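For the record, the sequence lines run as chains A and B. Just so you know, the numbering used here puts the end of the first sequence at 183, numbered straight through with nothing missing. Just so you know, the numbering used here puts the end of the second sequence at 1139, numbered straight through with nothing missing. Notes follow the structure.
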Amino acid sequence: MRWNWIDRIVRFEPERRLVAVKNVSAAEEHLHDHFPAEAGRPASAVMPASLIIEGMAQAAGLLAGSVHGFREKVILAKITSARLDDEAIPGDQLVYDAVLERVDAAGASAVGTVRLRRPVREGEIEEIEIGEISLLFSHVDANRSGLEFPQENFVFSENFRSIIAAAGLGHLVAATAGRSAG
Amino acid sequence: MAMSRDEIFEKIREDVLVEALGVDEDEITMDASLTRDLEAESIDFLDIQFKLERAFSTDDKPFKIEQGELFPENLLENPAWVSDGRFTDAGMEMLRERMPHVDFDEFDADRSVNEVGALITVGSIVSFVERKLAAGSPSAA
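The following block contains the structure:
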């Protein structure tokens, strides 16, 4: 299984904003495992909120990583706040709209709104905002406190590079990306 | 117009610490230690730094905190500053110089590196902002 919780980048404003989408599918096993059937209640296939937060973290993390050509190991360090008012179900499309608030050598902070695009009938899609998530990222090489991390950039692996390339943003990946920021 | 110490405290309490640490307003007093009383962890300090910048920046004057300015980093890696888990005289001098917003007088007897984080109180942050705003204001120069 690939730990990719965004499917496509649909908007990119350098150092400011990144919008990505994720299509929720009934073929995803975890949807059915999240609220399995219990006595008196049928199974309810919903996208776990924790994975919606992960999706936003990947969108915002890519945005933060793009600032320095993906040389930094950008790690989600803290979910400052998260609010989700509605559930995403198979057939829905989640839209992660991430805005970078601050980035420096030590880390970055971002705030994102989660929208839901729900096909209600043929040719008609309802779009509503369902939440807001604030995240803090640490650049681990700058904050390692004596800990050693691998040289290669395990954060922005091949999986992410294919998403970046598919969005036509391959040029943002520095030649030295994948090596230590040093 | 310059902000008073009380105004700075209120702003730090409402716009920075409640959000960054998820604590109630009444827990945030001037004497509260960030780590000991408010249970701040290391990553919270970066969050606090970012939120201070946002809270005290104005359109014509950014409030920018350099890395290590508010909470010095890598203190323990210099053997001239730390010996046997305690700060040396040179280490104490460095702390006083780099963190004028923290009161080290009582700590001088103990000097244990494990306790230094707990010295940073809400009052320390208020003093930090107060100094920084005064230094950046043309009327105070």
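In this text, a Cβ means the ideal position worked out from N, Cα and C, and glycines have one as well. Remember, it's a predicted structure, so these values are computed and weren't measured experimentally.
Closest by C-alpha distance to LYS79 (chain A), out of B:GLU1039, B:ARG1129 and B:ASP1029, is B:GLU1039. Of the candidates B:VAL1111, B:LEU1050 and B:ASP1042, the residue whose Cα lies closest to the Cα of PHE1007 (chain B) is B:LEU1050. Here the alpha carbon of GLY92 (chain A) sits roughly 53 Å from the alpha carbon of ASP1004 (chain B). The three-state reading of DSSP puts GLY56 (chain A) in helix, counting H, G and I together. At a C-beta separation below 7 Å, GLY113 (chain A) has no neighbours in chain B, since its nearest C-beta there lies roughly 16 Å away. The shortest CA-to-CA distance from LEU1036 (chain B) to any of B:PHE1054, B:ARG1052, B:VAL1016 and B:ASP1045 is the one to B:VAL1016.
Under the three-state reduction of DSSP output, LYS23 (chain A) falls in the strand class. For ARG1096 (chain B), the three-state secondary structure derived from DSSP is helix.
In the structure shown, ALA38 (chain A) adopts coil according to DSSP, grouped into three states.
For ILE126 (chain A), the enclosing beta strand (DSSP E) begins and ends at 125-140. By the criterion of a C-beta distance shorter than 6 Å, ILE10 (chain A) is surrounded in its chain by ALA21 and ALA168, once the five residues flanking it on both sides are discounted.
In this structure, the beta-carbon distance from HIS69 (chain A) to ALA175 (chain A) falls below 9 Å. At a cut-off of 9 Å between beta carbons, GLU102 (chain A) contacts chain B. C-alpha of ARG1084 (chain B) to C-alpha of GLN59 (chain A): approximately 41 Å in a straight line. The straight-line gap separating the alpha-carbon atoms of GLU88 (chain A) and ALA44 (chain A) is approximately 14 Å.
For LYS74 (chain A), there is no enclosing beta strand (DSSP E), as DSSP gives it neither H nor E. The beta carbon of ALA1116 (chain B) sits no closer than 9 Å to any beta carbon of chain A. Under a criterion of Cβ atoms nearer than 8 Å, the residues of chain B adjacent to LYS79 (chain A) are, in order, ILE1041, ASP1042 and ASP1045. Chain order gives the chain A residues near PHE1048 (chain B) as GLU102, ARG103, ASP105, GLY108, ALA109, SER110 and LEU137, where near means a beta carbon separation below 9 Å. Near chain A, meaning a CB-to-CB distance below 8 Å, the residues of the region 1013-1024 of chain B are GLU1017 and ALA1018.
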